[in-house]
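Sequential numbering from 1 applies to the sequence shown in the UniProt record's numbering.
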Amino acid sequence: MNPSTMAANFMFSLSQNSSSDGETMFRIAELMDYFFVAHPESGQREGDEEQRILYFDSPNEGIDKQTKVTGFAEAVVNFTNRFLNEDEENEVEFPFRYVTTGKQSHVYILVEDNAFIVGIAMNRQIYLFKECCTSRGYLLYAPAIKSALITAYCMFRLFFGTFSQLLAVNRENLKDKLKYFYSRYLSLLRLYQMPLVDLFCGVDFLPLDSVNYLRIENLIGQLKENFPQIAETMFLYQERLLAYSVPKSDLPVLFKYLTQNLLHMSLRAELQPEQQPGRFVQFNGEYFRQNAHHHHGRFLTGATDVSVETMVANVRDVKFPIVYLTVNEDHQKLVAYQLIVYRALNASICLFIRDNAGASFLKNLDAMLGPELSALASRIGDSYVAPTIKLSADTDFHFVYYNPASLSLKTSFYDLADTSKLNNLPYVPLVVHKHANSVVLRLACDVVDEFLEDESFNAVTVKSDLDWWVSGKRENGRFLLLLICNPSFVSVSEVQQHVKNIIKTYFDSFFLT
1 MNPSTMAANF MFSLSQNSSS DGETMFRIAE LMDYFFVAHP ESGQREGDEE QRILYFDSPN
61 EGIDKQTKVT GFAEAVVNFT NRFLNEDEEN EVEFPFRYVT TGKQSHVYIL VEDNAFIVGI
121 AMNRQIYLFK ECCTSRGYLL YAPAIKSALI TAYCMFRLFF GTFSQLLAVN RENLKDKLKY
181 FYSRYLSLLR LYQMPLVDLF CGVDFLPLDS VNYLRIENLI GQLKENFPQI AETMFLYQER
241 LLAYSVPKSD LPVLFKYLTQ NLLHMSLRAE LQPEQQPGRF VQFNGEYFRQ NAHHHHGRFL
301 TGATDVSVET MVANVRDVKF PIVYLTVNED HQKLVAYQLI VYRALNASIC LFIRDNAGAS
361 FLKNLDAMLG PELSALASRI GDSYVAPTIK LSADTDFHFV YYNPASLSLK TSFYDLADTS
421 KLNNLPYVPL VVHKHANSVV LRLACDVVDE FLEDESFNAV TVKSDLDWWV SGKRENGRFL
481 LLLICNPSFV SVSEVQQHVK NIIKTYFDSF FLT
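This is the structure:
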């Protein structure tokens, strides 16, 4: 098994153990008819049409149906190209197409200079009658499906590289990697009940005082000075991002992998001290942390089931995950890095290195990071204050906030770092009838589609039939959506005044009111 495969396998082993709240998410595989990756150029010759199929996920479809499905997708792309502005199409990183039929909703994205098509078909009939969708108000929202499709591609690229590079080397090897990755990934992929969270696919940043932020930057600077092989870094506290130097285009998929897989499982391990070799001692059936000069650090990648001393002694057998990051936002040029993740208390630092990690490097890194990161994590914990957007159970609104410039995403619907946690706010209720939830969420998505998607400055307030108001505001690109439930409001002016009060109370640092 090569290092990239090992990295992907590591991800899947963690994902299978990750918990997610059945009330807030659902598996995409439950509604999916098929998923495919196609390379149209490989099937140009008559009689070789099936050669364009690189991967097709549907257990009941033969090669003829697979050829027909991928051929239809190619025909849709070619036909719609006639009506699109070529310059505008080239400006988009992932051009896309939507096709809706009576039975299915199709979403196609074009990747790597439009050379490959990644497509999915969602079964609309299953969606209309499946109990988990009707009772909890899930809705199929094509832009959110598109975003999930893009993430699926980027996740593969993160661990294996581009389709083009793999195809140029060995076609069958690419097909094997696609099958290995997507046969596992798709079975674990979940969508949020609030589609806008999937649509924006942002990052949860943790606000921090300037002194501790400078301490983080100082530690990273010392690391790069002492270990020149460190090229890029990410720093997280309590599974929220504080600092990073990786390319911005790689940030969302890295954050998703780290918080929902790697760090999520490390938190479980921290609650089971007997699984942390060399960091705890047992006495009378109880576990106690060894002092070791305030060294509370450990590696989360590499040989995580042994002590650092044992890992260093057997460094030749230690395999760190290989990840591929873009170069200067050039999405076709990738650089391979070894990913080393080190954690102390609630702080995690991710190091991306170009050279192989040798014994002296790991030993010296642990000797420096162990006490330094432990002390820094303790300082951050002492000065950490509750989030500014802290809502109580009697709050009458939900919110979604997104800043495309920073990729910052905040919402009252879920804890983005731990999908098993649902914030202590009233659920968007199933008033009147069981589809009420999806009605409110659909209205919220329509507001984004019709009024706010391409506007730098805009504001809109609309009312549903269920005493819910949806208010959207966009300013300097920053986007805020409020879902307000207050039957006492009878006019738009009352709602707008309430929105102003909400922004002043909770979002004063985000918007100028």
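C-beta atoms are modelled at their ideal positions from N, C-alpha and C, and glycine is treated no differently.
Asked	Found
A75 burial status per 10 Å Cβ neighbour count (16 or more: buried)	exposed
The stretch 370 to 379 touching the stretch 472 to 485, judged by at least three CB pairs closer than 8 Å	no
Nearest residue (CA-CA) to Y182, options Y153, Y401, L167	Y153
Residue(s) in a DSSP beta bridge with D57	F35
Residue range of the alpha helix (DSSP H) that includes G297	Where G297 is concerned, there is no enclosing alpha helix (DSSP H), although the beta strand (DSSP E) it sits in stretches over 297 to 299.
Contact between the stretch 63 to 74 and the stretch 115 to 127 (3+ Cβ pairs under 8 Å)	yes
Beta strand (DSSP E) runs contained entirely in the stretch 160 to 234, provided each spans 3 or more residues	190 to 192
Paired residues, beta bridge with M311 - DSSP	M311 pairs with nothing; no bridge assigned.
Where V495 falls: helix, strand or coil (DSSP)	helix
Sheet register partners of C350 (DSSP bridge)	M234, V341
Exposure of G202, with buried meaning 16 or more beta-carbon neighbours within 10 Å	buried
Beta-carbon gap between Q229 and R354 smaller than 8 Å	yes
Inter-stretch contact (C-beta, 8 Å, three-pair minimum) for the stretch 395 to 402 and the stretch 344 to 353	no
Beta-ladder partner(s) of E50, from DSSP	In DSSP, E50 forms no bridge with anything.
Straight-line gap, L407 to V197 (C-alpha atoms, nearest Å)	12 Å
Three-way DSSP call (helix, strand, coil) for L140 in this model	coil
Per-residue DSSP class, three states only, for V246	coil
Where L430 falls: helix, strand or coil (DSSP)	The predicted position of L430 is uncertain, since its pLDDT is 34 and thus under 50; a value taken from the coordinates is nonetheless stated next. DSSP places L430 in coil when its eight states are reduced to three.
Inter-residue Cα distance where the pair is L422 and F413	Residue placement at L422 is flagged as unreliable, the pLDDT there being 40, under the threshold of 50; a coordinate-derived value is accordingly withheld.
Through-space distance from A444 to K224, alpha-carbon basis	45 Å
Where E86 sits in the DSSP three-state scheme	helix
Buried versus exposed, by CB contacts within 10 Å (16 or more), K65	exposed
Coarse secondary structure for E30, derived from DSSP in three states	helix
Helix, strand or coil at Q272 according to DSSP, with G and I counted as helix	Annotation note: pLDDT 43 at Q272 (below 50); position unreliable, coordinate value reported separately. Reduced to three states, the DSSP call for Q272 is coil.
Coil, strand or helix - F94 by DSSP	coil
Nearest-angstrom beta carbon gap, L219 and E112 [assumed within contact, 8 Å]	The pair is not a contact, with the Cβ atoms about 37 Å apart (cut-off 8 Å).
Residue of L339, Q332, L325 minimising C-alpha distance to G302	L339
Stretch-stretch touch, CB-based, cutoff 8 Å, three pairs: the stretch 94 to 108 with the stretch 52 to 68	no
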